[in-house]
Structure formats: structure tokens, C-alpha cells
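Trainee: Residue numbers (the numbering used here): 2 to 330. C-beta atoms are modelled at their ideal positions from N, C-alpha and C, and glycine is treated no differently.
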Amino acid sequence: MSSIKSRFLNAAASDEAAGAGCRTVFPVRDYDLGATLNSGQTFRWQRREDGWEGVIGSRWVRLRMEADRPGSRRERISFQTSAAAARGRNAGVIVAETAQPLNDWRWLADYLQVGLDLGGVLATFPDDGPMRAAVAACRGLRLLRQDPWECLASFILSSTKQIVQIRRIVALLCERFGDPVMVPNGCEAAFAFPTPERVAAAGESELRACKMGFRAPNLRAAARKVGDGEVDLSRVAGLPTAAARAELMRLPGVGRKIADCVLLFAYGFQAAFPVDVWVMKALRRLYFPRRRVALKRLQQFTETHFGPHAGHAQQYLFHYARVHAKLKE
DNA sequence: TACCAGGAGAGCG
DNA sequence: CGCTCTCATGGT
């Protein structure tokens, strides 16, 4: 453990920029880092003994929570501590480490959305039984703000795949086509998510070798359209929700659900409400028991019932349905 | 073994 | 429209 610290100190000492370091800290409250990184919105994080390791953009990152304890120093949260602490009810900090020293951490604060007033968001949720149960069960669950291309490509690969499998496909894609990124001494090699240009240049059989099956031609064609500017991902951010969704749906392999995932997880459109099989099950069971409701009708319901932060409500329902066996049926 | 997985898109009546 | 089928692969 101390050897890890000294490695980072050495790396920091070699930096020419004064004040730059390989570590920073974000004070947070109600932030369940584990649930957030493992709730099916991103597929790049691996749980290690000392936190979570992943790649954001072209940077290797390690994250872990430390909780504030009354009357004592901050205590590292092990994964075996009390459920209350693990759910992030306590105030604490997110400790972040990178492989190279930095003096500007805004990119990470933005990714983690540490500035969000979660209580304010939760207060806008409808005051009904299902929502109360989901919030109580998933306190501290957050939405990240991811890179649009990585998010889009990942969800093109997600259709009818289990989350563990999506992670594996994305990992293979990055290993084979992504640029290697700097990692601390002794850490496993890590790779950036491949650019649209690189994916478009890959052969379909090379992509299929990453176990993505029939999704390969869709990913490749979408990469080409994004790479050559036929669909401009940077423009989507400034569009009204419906137009932004329609723009994304011009891409092959992107329907309503995947478009909404990208709108919510990458662009932060709060009205986007992706309805997948889990959310559909949860909605039917919790809000329309013993009634046959079509997907279209369910979508109309989600547009009016969950308020201005419907997307957040969706993530709570999704995680609640997935984690709690009662809803699995 | 059979069924299902953070779906999309074509083909059908 | 609204429904059904297929697509590729692996987990449970």
C-alpha cells in the first residue's frame, strides 16, 4: 500500500508543473460510487481490491470512496463495510488517482457529476410507492456524464446482451483498436476507447472477432457516419430533446432505447427515459399490475409521470429492478 | 437444455 | 399501425 503511494509521489515529483499531482479528492454526500459505476450506464470500470479502475478519454483513473466518521479520521470504505456506508448515506470523499500529474480536474468532476444536488433531483420524483421504494433501495445512485461517441458505440453493442457481456465486448474492442494509455507502474495495461475513424477502418470480421455478432455492421456504419461528419455528435448537445433523439436515430443500430441512453448518459438530457426489458418489467409490475400495456403506452406514461428529471428516475427503477430479486420474477 | 440478455429493423396482415 | 421473426453469442 505504501509502495503504491511512493510510486505516485515519485511520478508527481518528476512533473515540471508546480502544484500538479496524481491525486485529488472530491467531497460528496449521497454518492454510491460502486452502484454508479456498476449500474449499466458505463462498461469500462473494473473493481479492484483498492477501488475502481477505468479509462476516461485518454486517462487511466482509479477511484475509491472514503467516508467521514464522526469523531475520527476518514475511513476507507472496504467492500465489506456496512450497507449504509456502502450506499453512500454518509458524507465522504471520492479519492481519484491518475497515472500522470494534473492540475486541472474539471474533466473528472464533470464525468462524476459531483456538483449535482441529488436531493434536489430526488425531490422532483413522483411521491408514489414504487418510486419511494426504488429511491430507498438505491440511495446515492448517480448519473455520469460520458463521452458521446464511447457511450453511443457501447450501447450499439448492448442490444440483447447482458451487462457482463457488454463489458467483455467493449474491453476487446478497446484492446484491439484503442490507443494504449499511460498506467502507473505495476498496473495492468489500459486502452482508450477507439475513435470512430479507427472503428470505421476496421474490417467487419475483425469486429466480429470481438464477439459483437450481428452488431458489427451497425457499429462500423455508425462509426463511418460519425467519423465523416454525416452525423455531428457535437451538434446534438444543442438540439431540443426530440430533435437530438431523431439525429441519433439516423445511425444504424440506434433506435428509441439506445438513443435515449446516449441522450441521458452522455448529454445529460433529463427527459430521456430509456425503456429496456428491465424498466419495462418494473413499470408494468409496479404501475400497471395485471394489465396488459403496450410499450408505446408505457413510453407515454414515462413522459408525463416522472417529472423534470425523469431520466434519473428511470435509472433508479432500472437498478432497483435489477438488484432486487422480487422484481425479477 | 431451454430461455434470456439495458434492441433494431424488416416483413407481414 | 402493431405484431412477429431474425440477427450472434454466452450466461444462468
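Within 6 angstroms: the Cβ of Ala138 and any heavy atom of the ligand MG?
Mentor: As presented, the structure is devoid of all ligands, the ligand MG included, so that no description of it is given.
Trainee: Does the contact criterion of 3 or more C-beta pairs under 8 angstroms hold for the segment 113–121 versus the segment 171–191?
Mentor: In this structure the segment 113–121 does not touch the segment 171–191; the number of beta carbon pairs closer than 8 angstroms is below three.
Trainee: Val26 lies in the beta strand (DSSP E); which residues open and close that run?
Mentor: 22–29
Trainee: Which first and last residues belong to the beta strand (DSSP E) in which Pro102 is found?
Mentor: 93–103
Trainee: Suppose the cutoff is 6 angstroms on Cβ atoms and the five residues either side in sequence are ignored; what does the same chain contact list for Thr242 look like?
Mentor: Its chain contains Phe270, Ala272 as the residues whose beta carbon lies nearer than 6 angstroms to that of Thr242, once the 5 sequence neighbours on both sides are disregarded; these appear in chain order.
Trainee: Mind checking who Pro181 pairs with in its DSSP beta bridge?
Mentor: Phe192
Trainee: With a threshold of 8 angstroms, are at least 3 pairs of Cβ atoms found where one atom belongs to the segment 149–161 and the other to the segment 119–136?
Mentor: no
Trainee: Who are the Cβ neighbours of Asp111 in its own chain at under 7 angstroms, not counting the five residues just before and after it?
Mentor: Arg146
Trainee: Mind checking Thr161: buried by the 16 CB within 10 Å criterion, or exposed?
Mentor: exposed
Trainee: Per DSSP, which one or two residues make a beta bridge with Trp53?
Mentor: Partner residues in the beta bridge of Trp53, as assigned by DSSP, are Arg48, Leu64.
Trainee: Restricting to Cα atoms, I'd like to know which of Arg49, Asp233, Arg323 is closest to Arg65.
Mentor: Nearest C-alpha to Arg65: Arg49.
Trainee: Output the boundary residues of the alpha helix (DSSP H) element that contains Trp108.
Mentor: 107–113
Trainee: For Val232, does the three-state DSSP call read helix, strand or coil?
Mentor: coil
Trainee: From this set, Glu248, Gly254, Met250, Met183, which residue's C-alpha is nearest Gly214's C-alpha?
Mentor: Gly254
Trainee: Just the C-alpha distance for Val182 and His313, rounded to the nearest angstrom, thanks.
Mentor: 32 angstroms
Trainee: Do Trp61 and Leu38 have their C-beta atoms within less than 7 angstroms of each other?
Mentor: With contacts defined by Cβ atoms closer than 7 angstroms, Trp61 and Leu38 do not form a contacting pair.
Trainee: Applying the criterion that 16 or more other CB atoms from any shown protein chain within 10 Å of the CB defines a buried residue, is Phe289 buried or exposed?
Mentor: exposed
Trainee: Would you mind reading off the limits of the alpha helix (DSSP H) that contains Pro197?
Mentor: From DSSP, the alpha helix (DSSP H) with Pro197 extends over 197–202.
Trainee: Along the alpha helix (DSSP H) that carries Ser160, what are the first and last residues, could you check?
Mentor: Looking at the DSSP string, Ser160 is not in any alpha helix (DSSP H), and its letter there is neither H nor E.
Trainee: I want to know whether the segment 192–208 touches the segment 162–170 - three or more CB-CB distances under 8 angstroms.
Mentor: no
Trainee: Taking only the alpha-carbon atoms, compute the straight-line gap between Asp261 and Glu151 and give it to the nearest angstrom.
Mentor: 15 angstroms
Trainee: Which of helix, strand or coil does DSSP assign to Met132?
Mentor: helix
Trainee: Report the rounded CA-to-CA distance for Lys297 versus Gly20, giving the unit in angstroms.
Mentor: Whole-angstrom Cα-Cα distance: 54 angstroms.
Trainee: Which word fits Gln316, buried or exposed, when buried means at least 16 other C-beta atoms lie within 10 angstroms of its C-beta?
Mentor: buried
Trainee: So, under 8 angstroms CB-CB, Leu144 and Gln42 are touching, yes? Tell me the CB distance rounded to an integer number of Å.
Mentor: Sure, about 7 angstroms apart at Cβ, within 8 angstroms.
Trainee: Helix, strand or coil: which one does DSSP assign to Gly120?
Mentor: In the structure shown, Gly120 sits in a helix (DSSP, three-state: H, G or I).
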